[in-house]
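To start, the structure itself, in structure tokens.
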Amino acid sequence: MDKIQQFWDDFCIANHKEDIAYKDAFQFGASADWLADLVMEGKKTATTSGYVFYELENEAIPQAGEYYIILNGRDEPVAVIRIQSVEVMPMNEVTEDFALAEGEGDYEYWWEAHEAFLKEGLKTYGKEFSPEMLVVCERFETVYTA
Numbered sequence: 008m009d010k011i012q013q014f015w016d017d018f019c020i021a022n023h024k025e026d027i028a029y030k031d032a033f034q035f036g037a038s039a040d041w042l043a044d045l046v047m048e049g050k051k052t053a054t055t056s057g058y059v060f061y062e063l064e065n066e067a068i069p070q071a072g073e074y075y076i077i078l079n080g081r082d083e084p085v086a087v088i089r090i091q092s093v094e095v096m097p098m099n100e101v102t103e104d105f106a107l108a109e110g111e112g113d114y115e116y117w118w119e120a121h122e123a124f125l126k127e128g129l130k131t132y133g134k135e136f137s138p139e140m141l142v143v144c145e146r147f148e149t150v151y152t153a
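Sequential numbering from 8 applies to the sequence shown in the numbering used here.
This is the structure in structure tokens:
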């Protein structure tokens with residue numbers, strides 16, 4: 008059994024959860040270890056991604072109630088999160104409150120980091136960044152840590 012499945016099984020046993028599955032296991036952003044630490048400390052309770060990437064990659068948008076496993080920079084599972092809410096909106100309408108819930112810094116830092124991240128990802132598809140582009144804003148709770 009791989010370490011991700013074992014981590015999930017440990018979560019299910021510890022929390023008396025049966026007949027539920029996790030949706031995916033992934034790293035957050037370019038600084039996976041730092042962001043995983045913020046999740047484990049309870050400081051990061053939100054995340055933002057580009058809606059266009061879900062369309063281009065034919066992926067479903069996360070839904071409230073789903074579970075995900077957070078990986079560190081070595082692809083080791085460190086936390087289980089449960090999605091609380093998902094909202095799609097133009098990036099320039101994301102509130103400061105939401106940006107602060109990402110736990111990474113102030114609103115200006117949030118904007119600069121996400122603009123850089125989105126621009127880099129859009130290059131792959133030959134697309135341009137726009138402040139009005141749609142983003143997927145997820146709030147989550149950390150329900151289990153390593």
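All C-beta atoms in this analysis are idealised placements derived from N, C-alpha and C, irrespective of residue type, glycine included. Keep in mind the model is a prediction, meaning the values are calculated, not measured.
| query | result |
| --- | --- |
| Looking only at DSSP bridge pairs, what is valine 59 linked to? | None; valine 59 has no bridge partner. |
| Where does proline 2 land, buried or exposed, given buried means 16+ other C-beta within 10 angstroms? | Because the chain in this structure spans residues 8 to 153, residue 2 falls outside the shown range and cannot be described. |
| Could you give the DSSP three-state label for glutamate 64: helix, strand or coil? | coil |
| So, is alanine 106 buried or exposed, given that buried needs 16 or more other C-beta atoms within 10 angstroms? | buried |
| Classify valine 95 as buried or exposed, calling it buried when 16 or more other Cβ atoms lie within 10 Å of its own Cβ. | exposed |
| Out of Asp113, Met140, Tyr116, point me to the one whose CA is closest to leucine 125's CA. | Met140 |
| List the DSSP bridge partners of methionine 3. | One cannot answer for residue 3 here, as it falls past the ends of the chain, which runs 8 to 153. |
| State buried or exposed for tyrosine 29, treating a residue as buried only when at least 16 other CB atoms are found within 10 Å of its CB. | buried |
| Please check the pair glycine 80 and aspartate 40, which I expect to be a contact at CB under 8 angstroms, by giving their CB distance rounded to whole angstroms. | 4 angstroms |
| Pick from Pro69, Tyr116, Trp117, His121: whose alpha carbon is nearest that of phenylalanine 33? | Pro69 |
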